[in-house]
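Reviewing the structure listed below.
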Amino acid sequence: MAQPQMRKPVEYFLDNKKFLHPKFAANYGNWKYHDRPRPGVLHHVSKTGDEVWTVRCGTQRQMDIYTIRTLCDIADQYGEGYIRFTIRSNAEIMVSEEKKVAPLIEALEKAGFPVGGTGNSVSMVAHTQGWLHCDIPGTDASGVVKAMMDELFEEFKNEQMPNRVRLSTSCCEINCGGQADIAVVIQHTKPPKINHDLVANVCERPAVVARCPVAAIRPALVNGKPSLEVDEKKCVCCGACYPPCPPMQINDPEHSKIAIWVGGKNSNARSKPTFHKLVAAGLPNNPPRWPEVNAVVKKILMTYKEDARPWERMADWIERIGWPRFFEKTGLPFTKYMIDDWRGGRYNLNASTHIRF
Amino acid sequence: MAKQPHPTPMLDELEKGPWPSFITGLKRLAKEKDYVVDLLGHLEHSYETRKGYWKGGTVGVFGYGGGVIPRFTEIKDEKGEPRFKDAAEFHTLRVMPPPGMHYDTATLRKFCDIWEKYGSGLIALHGQSGDIMFQGCTTENVQKAFDEINEMGFDLGGAGPAVRTAMSCVGAARCEQSCYDEAKAHHKIINNFLDDIHRPALPYKFKFKFSGCPNDCMNSIQRADMAVIGTWRDNIQTDDELGKKWFAKHGMNELVNDVVAMCPTRALQIKDAKDVRRDNPYISAVALNDTQCLEIDNKDCVRCMHCINVMTGALAPGKDKGATILVGGKSHLKIGALMGTVIVPFMKLETEEDFDKLVELAQNIVDFFAENALEHERAGEMIERIGLANFLEGIGLDVDPNMVNNPRMNPYVRTDGWDEEVAKINAKKQAAAA
Numbered sequence: 001m002a003q004p005q006m007r008k009p010v011e012y013f014l015d016n017k018k019f020l021h022p023k024f025a026a027n028y029g030n031w032k033y034h035d036r037p038r039p040g041v042l043h044h045v046s047k048t049g050d051e052v053w054t055v056r057c058g059t060q061r062q063m064d065i066y067t068i069r070t071l072c073d074i075a076d077q078y079g080e081g082y083i084r085f086t087i088r089s090n091a092e093i094m095v096s097e098e099k100k101v102a103p104l105i106e107a108l109e110k111a112g113f114p115v116g117g118t119g120n121s122v123s124m125v126a127h128t129q130g131w132l133h134c135d136i137p138g139t140d141a142s143g144v145v146k147a148m149m150d151e152l153f154e155e156f157k158n159e160q161m162p163n164r165v166r167l168s169t170s171c172c173e174i175n176c177g178g179q180a181d182i183a184v185v186i187q188h189t190k191p192p193k194i195n196h197d198l199v200a201n202v203c204e205r206p207a208v209v210a211r212c213p214v215a216a217i218r219p220a221l222v223n224g225k226p227s228l229e230v231d232e233k234k235c236v237c238c239g240a241c242y243p244p245c246p247p248m249q250i251n252d253p254e255h256s257k258i259a260i261w262v263g264g265k266n267s268n269a270r271s272k273p274t275f276h277k278l279v280a281a282g283l284p285n286n287p288p289r290w291p292e293v294n295a296v297v298k299k300i301l302m303t304y305k306e307d308a309r310p311w312e313r314m315a316d317w318i319e320r321i322g323w324p325r326f327f328e329k330t331g332l333p334f335t336k337y338m339i340d341d342w343r344g345g346r347y348n349l350n351a352s353t354h355i356r357f
Numbered sequence: 001m002a003k004q005p006h007p008t009p010m011l012d013e014l015e016k017g018p019w020p021s022f023i024t025g026l027k028r029l030a031k032e033k034d035y036v037v038d039l040l041g042h043l044e045h046s047y048e049t050r051k052g053y054w055k056g057g058t059v060g061v062f063g064y065g066g067g068v069i070p071r072f073t074e075i076k077d078e079k080g081e082p083r084f085k086d087a088a089e090f091h092t093l094r095v096m097p098p099p100g101m102h103y104d105t106a107t108l109r110k111f112c113d114i115w116e117k118y119g120s121g122l123i124a125l126h127g128q129s130g131d132i133m134f135q136g137c138t139t140e141n142v143q144k145a146f147d148e149i150n151e152m153g154f155d156l157g158g159a160g161p162a163v164r165t166a167m168s169c170v171g172a173a174r175c176e177q178s179c180y181d182e183a184k185a186h187h188k189i190i191n192n193f194l195d196d197i198h199r200p201a202l203p204y205k206f207k208f209k210f211s212g213c214p215n216d217c218m219n220s221i222q223r224a225d226m227a228v229i230g231t232w233r234d235n236i237q238t239d240d241e242l243g244k245k246w247f248a249k250h251g252m253n254e255l256v257n258d259v260v261a262m263c264p265t266r267a268l269q270i271k272d273a274k275d276v277r278r279d280n281p282y283i284s285a286v287a288l289n290d291t292q293c294l295e296i297d298n299k300d301c302v303r304c305m306h307c308i309n310v311m312t313g314a315l316a317p318g319k320d321k322g323a324t325i326l327v328g329g330k331s332h333l334k335i336g337a338l339m340g341t342v343i344v345p346f347m348k349l350e351t352e353e354d355f356d357k358l359v360e361l362a363q364n365i366v367d368f369f370a371e372n373a374l375e376h377e378r379a380g381e382m383i384e385r386i387g388l389a390n391f392l393e394g395i396g397l398d399v400d401p402n403m404v405n406n407p408r409m410n411p412y413v414r415t416d417g418w419d420e421e422v423a424k425i426n427a428k429k430q431a432a433a434a
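Residue numbers (the working numbering), protein chains in the order written: chain X, 1 to 357; chain S, 1 to 434.
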């Protein structure tokens, strides 16, 4: 029998040369410095004196083709036909003449793309897929981010923060959104609810047992069926068992809460990189606009904005003022759940008399 | 014209406010596509019930074992039929963007045309994995869409226990801090691992990220199994003209408070121009005015980038550039988040041979990982389990004090091989000196 002819894929990862703005290609590896004539605009000068202006704007990340075509229309008409994206889904359009900058900004803003996200601003939130597409999400990502960026709109458009602020959101504890100055992450509070009728057929049981970070899962016979059971006293409700075993439902409309973490720093500038730390939990997962989450994020941000010195990132600021004062100034309660008892957690305790009174 | 939209009172709330709305975008697509009408209904149902309703499955393209994220609806009626039948399948194609995420508009427009024809019309630029996410496609159309995207010269990214799509910063294309050709390293590494990307057969995922300087804009220390971060060995470069310009604008208070006091290793001092230690080869100095300088002791400098970030142009990375390699970064599951740690303090990345050495190192590491990691164990977890010294021995690298914050703090180690180790180190030193 004749098999249908399948196209063989061309396995090749292309390089970026033909996608580079001509000024980028001409000055590749030969830039001298940059400055920012205004928020949202980068001006790079090469060692030969060549110049390029980049206008950065926010996008919704999950873009419909009409939005992308609008961006392309603007890049063709007001720019020079090239667009690049930042790691935080901001679009950048480059021009080789200063006089093109203002009309480009005007066109972007008129089409609804806010210009900003440079320097010491709050950039767009790095985020995950959420209810739109993920198979294990505790919340939506695009919705949380849209509601948050509406609130932080002026902070995106201006450079009024002490240093850059990087935000992330994640729809489960896997934390795909990544480490950030402020991270909004789902925190489940109840062990998984197990549908014992399905476990034997759907889940590779030894693999699920192995996945648990606290060895709380064991094979068991439930109602005569091979299944899995969870030692609920041991369970830390992390949800690690849910992806390999969907009948162990971890998401709960009521008990999947939202936690807030601060002080993650990716850069090596000043201090070594840091992981973010838990500062709030138990916030309701409250679509469509998550007002409780936004209130806490805004409170932390505004306290940082007011109190931090120039060039202090969130982590640097807290390092200077100390955690007790962080909690005092933000009004957030410090609870026993913030005392680290995971492996290596003892290094997070204060083994000194260094105390700020 | 598409069918009548479902009522979406909750999603409608996300059309308010100044930030660009993905809901407005979806509604625009829903005017033309029944697919997106039902997608909006599906998403509204999630908002109402606060739960997700997509399950995975097996969908792919001919010749590959990964790169497509399959999604089937779990919202069914009493007969078990999908309630939002036009969006019953909502698969994603992960496609690798060019290094640095540079595009011309013709390419983006072509993506749009392909996705208008075969998919939902929703494209995420970009996913957290660094891919272009072509979101929303039926099983039937996945192959057709891929064939056209592949004809354009683009290829699928990684998913599952595979080498994953990599990310690199804007780098040498636009950034004065770039310390190596990030795009070239990215390009060479990925082309070396295409088989491991397209046919998942590793213990778990393995990610590469490329940042041109220690600002690490790709967050590679926290997220990459192997991080390649630009750095330099010689002195910070200075430009007196730009130094004076900076000082005239910002003044002594900012220089002291924002630059000198924030140096993590106290490598900066303000000096009268006549007192700068010009006979010391590790000193660089930038003029602030005609009588004062900022002096940098480059032996104390840890290349953190802070002073260069603040005084860009006046200060710049040195000329003897290369990269530091760190291995083992990952997020929480299963043993807690880990940062990558140094395995190569410095390697040159200039000639083809340098880049070939980087590829060779990456291949060694992935081979060792494939052989030695347990199922669903990331490289960092494997190193945690076997110890860094064993990992280094496995991939043939020598130990180096740059790999630790400090030496061991406990005596629980057998040291009866001490003399042999010292002899080996001395022999290597002698061989290197010869």
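Just so it is clear, CB atoms sit at the ideal spot from N, CA and C, and this is done for glycine as well.
Residue i bridges to which residues according to DSSP?
{"i": "X:P219", "result": "X:L228"}
{"i": "S:Q292", "result": "S:D272"}
{"i": "X:A91", "result": "X:C57 and X:F85"}
{"i": "X:K38", "result": "Before going on, a small fix: residue 38 of chain X reads as Arg here, not Lys. X:V41, per the DSSP bridge assignment."}
{"i": "S:D297", "result": "S:I283"}
{"i": "S:W54", "result": "S:T73"}
{"i": "S:G119", "result": "S:C137"}
{"i": "X:V115", "result": "X:C57"}
{"i": "S:I425", "result": "BP columns for S:I425 are empty, so no partner."}
Strictly below 8 angstroms CB to CB, what residues from chain X border residue i?
{"i": "S:V61", "result": "P9"}
{"i": "S:F154", "result": "L14"}
Interface residues of chain S around residue i at Cβ under 7 angstroms?
{"i": "X:L132", "result": "L43"}
{"i": "X:L20", "result": "H102 and A173"}
{"i": "X:M6", "result": "F62"}
Could you work out which residues of chain X lie near residue i, taking near to mean beta carbons separated by less than 7 angstroms?
{"i": "S:K51", "result": "N251 and P253"}
{"i": "S:C112", "result": "I65, I68 and R69"}
{"i": "S:A87", "result": "Within chain X, no residue comes near S:A87; the closest Cβ sits about 11 angstroms away, beyond 7 angstroms."}
{"i": "S:R71", "result": "H133 and D135"}
Is it right to say residue i is buried, meaning 16 or more other beta carbons lie within 10 angstroms of its own, or is it exposed?
{"i": "X:K336", "result": "exposed"}
{"i": "X:W53", "result": "buried"}
{"i": "S:F206", "result": "buried"}
{"i": "S:V413", "result": "exposed"}
{"i": "S:P9", "result": "exposed"}
{"i": "S:T58", "result": "exposed"}
{"i": "S:E295", "result": "buried"}
{"i": "S:R408", "result": "exposed"}
{"i": "S:R278", "result": "exposed"}
{"i": "S:I123", "result": "buried"}
{"i": "X:L288", "result": "Per the sequence shown, the amino acid found at residue 288 of chain X is Pro instead of Leu. When all chains shown are included, X:P288 counts as buried."}
For residue i, go through chain X and note every residue whose CB falls closer than 9 angstroms to its CB, in chain order.
{"i": "S:G313", "result": "K32, Y33, H34, D35 and V45"}
Name the chain S residues whose beta carbon is nearer than 8 angstroms to that of residue i?
{"i": "X:I136", "result": "G52"}
{"i": "X:G178", "result": "Q128, N219, Q222, R223 and S331"}
{"i": "X:P246", "result": "K55"}
Residue i touches chain S at which residues, Cβ-Cβ below 9 angstroms?
{"i": "X:G58", "result": "W19 and P20"}
Exercise. Name the residues in the stretch 210-231 of chain X whose C-beta lies less than 9 angstroms from a C-beta of chain S; which are they?
Worked result: Those would be A210, R211, C212 and P213, in chain order.
Problem set entry | Whole alpha helix (DSSP H) elements within the stretch 261-343 of chain X, 4-residue minimum | Under the rule that a run must span 4 or more residues, the alpha helix (DSSP H) segments found entirely inside the stretch 261-343 of chain X read 291-307, 314-321 and 323-330.
Problem set entry | Within the stretch 211-265 of chain S, ranges of the alpha helix (DSSP H) (whole runs, at least 4 residues) | If we require 4 residues or more, the alpha helix (DSSP H) runs fully inside the stretch 211-265 of chain S come out as 220-223 and 240-254.
For this session: Could you please tell me which residues of the stretch 117-144 of chain S, in chain order, have their CB closer than 7 angstroms to any CB of chain X?
Result: Legend: CB atoms of the stretch 117-144 of chain S lying less than 7 angstroms from CB atoms of chain X belong to residues G121, L122, I123, A124, L125, H126, Q128 and Q135.
Problem set entry | Ordered list of beta strand (DSSP E) runs contained in the stretch 307-343 of chain S, each at least 3 residues | With a minimum length of 3 residues, the continuous beta strand (DSSP E) runs that stay inside the stretch 307-343 of chain S are 321-327.
For this session: Below 9 angstroms between beta carbons is the criterion; list the residues of the stretch 70-103 of chain X that meet it against any residue of chain S, in chain order.
Result: Under the 9 angstroms Cβ criterion, the stretch 70-103 of chain X contributes L71, C72, D73, A75, D76, G79, G81, Y82, I83, R84, F85, T86, I87, S89, A91, E92 and M94.
Problem set entry | Cβ-based contacts, 7 angstroms cut-off: residues of the stretch 1-30 of chain S near chain X | Here the close residues are M10, L11, E13, L14, G17, P18, W19, P20, S21, F22, G25, L26, R28 and L29.
Problem set entry | Ordered list of beta strand (DSSP E) runs contained in the stretch 148-223 of chain S, each at least 3 residues | Counting whole runs of 3 or more residues, the stretch 148-223 of chain S contains the beta strand (DSSP E) stretches 208-211.
Problem set entry | Contact set between the stretch 298-326 of chain X and chain S, restricted to residues whose Cβ is under 9 angstroms from the partner | Near chain S, meaning a CB-to-CB distance below 9 angstroms, the residues of the stretch 298-326 of chain X are R309, P310, W311, E312 and D316.
For this session: Identify each residue in the stretch 90-102 of chain S for which the Cβ-Cβ distance to at least one residue of chain X is less than 7 angstroms, and report them in chain order.
Result: For the stretch 90-102 of chain S, the set of positions with a beta-carbon nearer than 7 angstroms to some beta-carbon of chain X reads F90, T92, M96, P98, P99, G100, M101 and H102 in chain order.
For this session: Name, going along the chain, the residues of the stretch 333-357 of chain S whose beta-carbon falls closer than 8 angstroms to a beta-carbon of chain X.
Result: Within the stretch 333-357 of chain S, those residues whose Cβ lies closer than 8 angstroms to any Cβ of chain X are, in chain order, L333, K334, I335, G336, A337 and M339.
Exercise. Using a beta-carbon distance cut-off of less than 7 angstroms, what residues from the stretch 294-312 of chain S approach chain X?
Worked result: If the cut-off is 7 angstroms between Cβ atoms, the stretch 294-312 of chain S has C304, M305, H306, N309, V310 and T312 near chain X.
Problem set entry | Proximal residues, the stretch 243-260 of chain S versus chain X, C-beta separation under 8 angstroms | Those residues of the stretch 243-260 of chain S that come within reach of chain X (Cβ to Cβ, closer than 8 angstroms) are E254, N257 and D258.
Exercise. Using a beta-carbon distance cut-off of less than 8 angstroms, what residues from the stretch 260-272 of chain X approach chain S?
Worked result: Cβ proximity to chain S below 8 angstroms picks out G264, N266, S267, N268, A269, R270 and S271 from the stretch 260-272 of chain X.
Exercise. If you scan the stretch 184-212 of chain X from start to end, which runs of the alpha helix (DSSP H) of 4 or more residues do you find wholly inside it?
Worked result: Within the stretch 184-212 of chain X, the alpha helix (DSSP H) runs of at least 4 residues that lie entirely inside it are, in chain order, 196-202 and 205-211.
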